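Below is one structure, written out as structure tokens, with a few remarks after it.
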């Protein structure tokens with residue numbers, strides 16, 4: 037850091053013609069301007085991924101997915117749980133605090149663009165005692181009192197955009213944190229829906245297995261009665277007993293799955309597992325909504341992870357500009373104004389005013405490659421950010437394509453299994469009637485019972501998987517978090533309504 041007086045010195049040179057001197061100053065100015073423009077022309081990188089105009093797994097669609105997608109299932113309990121989780125979940129609230137800290141960091145970075153003004157005051161009381169060489173003299177003393185009060189200001193003039201680039205990077209970092217919080221909210225909402233449909237499926241499966249178990253117990257009772265009457269063998273009794281025991285054994289795992297799903301939902305909505313029993317499905321048959329993926333390009337403006345990657349690239353571009361500005365001079369201005377008073381041995385010397393205005397200009401001449409290393413780091417971060425953004429785009433497109441294929445295939449599977457379950461139910465009814473009339477033996481009846489059990493269980497699981505696949509599609513599309521964003525007033529300030537936890541949890545000032 038070299039002061040102006042060190043950088044610019046006055047020297048005597050032989051006089052030159054005015055035209056030659058003017059041309060020299062023009063050349064110097066042109067060179068300086070070229071250097072400045074070269075420094076300002078920092079490359080800004082953007083992703084080079086070509087986004088298709090439609091998804092391969094579906095026909096072209098301009099209809100965007102519904103924002104409040106959880107309401108499209110027609111289950112009021114699910115809608116209530118999702119809204120509770122969006123506000124009360126602890127991960128969401130932690131993310132909101134991170135957003136608050138990131139916004140504060142943005143304010144700090146932006147503050148360097150403005151002058152810093154400090155008001156200060158000081159005072160002292162200084163007493164000096166001294167004695168003469170003769171011990172019989174009385175010691176004398178000098179007392180000095182002084183006080184000062186003043187105001188100081190300092191300002192780095194952002195000649196080459198270093199501070200502006202830093203503020204822009206901080207704003208992009210804050211945007212990345214905000215979008216990360218939106219991603220957390222989306223993940224929590226989809227987790228609630230996933231566990232809710234898992235709970236509904238487990239309870240439905242439990243109901244089916246218990247009904248089948250009751251029917252097998254009744255079959256066992258009848259076979260035992262027939263065995264006592266000599267119409268069946270002990271072998272027949274053992275076979276029916278085996279099937280009944282296998283069905284009973286399928287009940288505890290389903291009860292465990294239902295309990296675990298309840299516990300997870302309770303924690304997701306900000307409660308605890310102890311109160312999970314209060315979570316009860318509505319009993320409404322959820323309707324799988326039709327898939328409306330919209331345009332692939334809309335993912336870049338909707339999926340939180342893509343918004344995060346875009347903000348991180350903006351921050352990397354700004355830091356590259358900030359690093360380039362390290363090659364150029366910095367201009368710092370400072371000023372101090374104040375008033376002081378001095379009192380010597382009780383005699384006031386009168387108040388005095390003081391002021392000081394200074395300027396400092398400095399630029400790197402030699403720092404052992406530090407400035408070059410700073411630029412290399414910024415350039416590497418810029419290239420990494422653009423590659424990360426491109427990777428996030430292709431992965432997001434892959435997620436949607438996979439979800440669309442899975443949902444379409446699961447729809448077909450669910451329809452086929454539903455038809456198979458209806459046929460198995462009818463076949464068992466006919467087999468039971470024939471067995472009761474003695475027209476068939478026990479073996480066909482047991483086969484019909486096993487078939488119904490297997491098909492109904494698979495059918496129930498397919499219905500659950502179909503709901504889960506639709507939730508996975510909404511998760512891949514990345515929507516829903518915007519429902520809980522704060523509503524902006526005409527002047528841009530948040531107002532009450534669908535407010536996010538960032539504003540709702542903020543303590544009053």
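Residue numbers (the working numbering): 37 to 545. Think of the CB as a built atom: it goes at the ideal place given N, C-alpha and C, for glycine as much as any other residue. In this text the structure is predicted, and so the values were computed from the model without any measurement.
query: Alpha helix (DSSP H) segment containing residue 343, residue limits; result: 340 to 360
query: Cβ neighbour criterion (16 or more within 10 Å) applied to residue 430; result: exposed
query: Of the residues 490, 208 and 214, the one placed nearest residue 134, counting alpha carbons only; result: 214
query: Cβ shell of residue 187 (< 6 Å), same chain only, five flanking positions each side left out; result: 155 and 373
query: Beta-carbon proximity of residue 327 to residue 443, cut-off 7 Å; result: yes
query: Extent of the continuous beta strand (DSSP E) run through residue 368; result: 366 to 380
query: For residue 304, the first and last residue of its enclosing alpha helix (DSSP H); result: 287 to 304
query: Integer Cβ distance of residue 224 from residue 127, believed to fall under 8 Å; result: 6 Å
query: Residue 202, enclosing alpha helix (DSSP H) - first and last residue; result: 198 to 264
query: Closest by C-alpha distance to residue 153, when choosing among 197, 342, 192 and 501; result: 192
query: Cβ shell of residue 450 (< 7 Å), same chain only, five flanking positions each side left out; result: 498, 499 and 502
query: Span separating the alpha-carbon of residue 219 from that of residue 81; result: 25 Å
query: Beta-carbon contacts of residue 481 that lie in its chain and below 6 Å, excluding the five residues immediately before and after; result: 467 and 471
query: Given residue 184 as reference, the closest of 249, 160, 410 and 115 once Cα atoms are compared; result: 160
query: Residue 271 in three-state terms, based on DSSP; result: helix
query: Environment of residue 299 [buried if 16+ CB atoms lie within 10 Å]; result: buried
query: CB contact flag (residue 440, residue 93, <7 Å); result: yes
query: Assigned secondary structure, residue 58 (DSSP; H/G/I helix, E/B strand, else coil); result: Bear in mind that a pLDDT of 49 at residue 58, under 50, signals an unreliable position, so the number given afterwards is only what the model happens to contain. In this structure, residue 58 counts as helix in the three-state DSSP scheme.
query: Where residue 493 falls: helix, strand or coil (DSSP); result: helix
query: Residue from 332, 401, 407 and 477 whose Cα sits closest to the Cα of residue 99; result: 332
query: Span separating the alpha-carbon of residue 23 from that of residue 448; result: This structure cannot settle anything about residue 23, because the visible part of the chain is limited to 37 through 545.
query: Strand pairing of residue 181, partner residues [DSSP]; result: 161 and 379
query: Residue 209 burial status per 10 Å Cβ neighbour count (16 or more: buried); result: buried
query: N-terminal and C-terminal residue of the alpha helix (DSSP H) that residue 108 is part of; result: Residue 108 -> no alpha helix (DSSP H), and no H or E assigned at all.
query: Sequence-distant residues of the same chain with beta carbon closer than 8 Å to residue 242, five excluded per side; result: 287, 290, 291 and 294
query: Three-state secondary structure assigned by DSSP to residue 470; result: helix
query: Touch test, the segment 473 to 491 against the segment 252 to 264, Cβ-Cβ under 8 Å, three pairs minimum; result: yes
query: Between the CA atoms of residue 123 and residue 542 - distance to the nearest angstrom; result: Caution is warranted here: a pLDDT of 40 is assigned to residue 542, below 50, making its placement in the model unreliable, and no coordinate value can be reported.
query: Straight-line Cα distance separating residue 401 from residue 412; result: 18 Å
query: 7 Å Cβ cutoff met for residue 202 and residue 145; result: yes
query: Inter-residue Cα distance where the pair is residue 106 and residue 116; result: 9 Å
query: Reduced DSSP secondary structure (H/G/I, E/B, other) of residue 319; result: coil
query: Residue 357 vs residue 421 beta-carbon contact at 7 Å; result: no
query: Proximity to residue 205 [Cα-Cα], best of 350, 310, 336 and 125; result: 350
query: Residue 192, DSSP secondary structure in three states; result: strand
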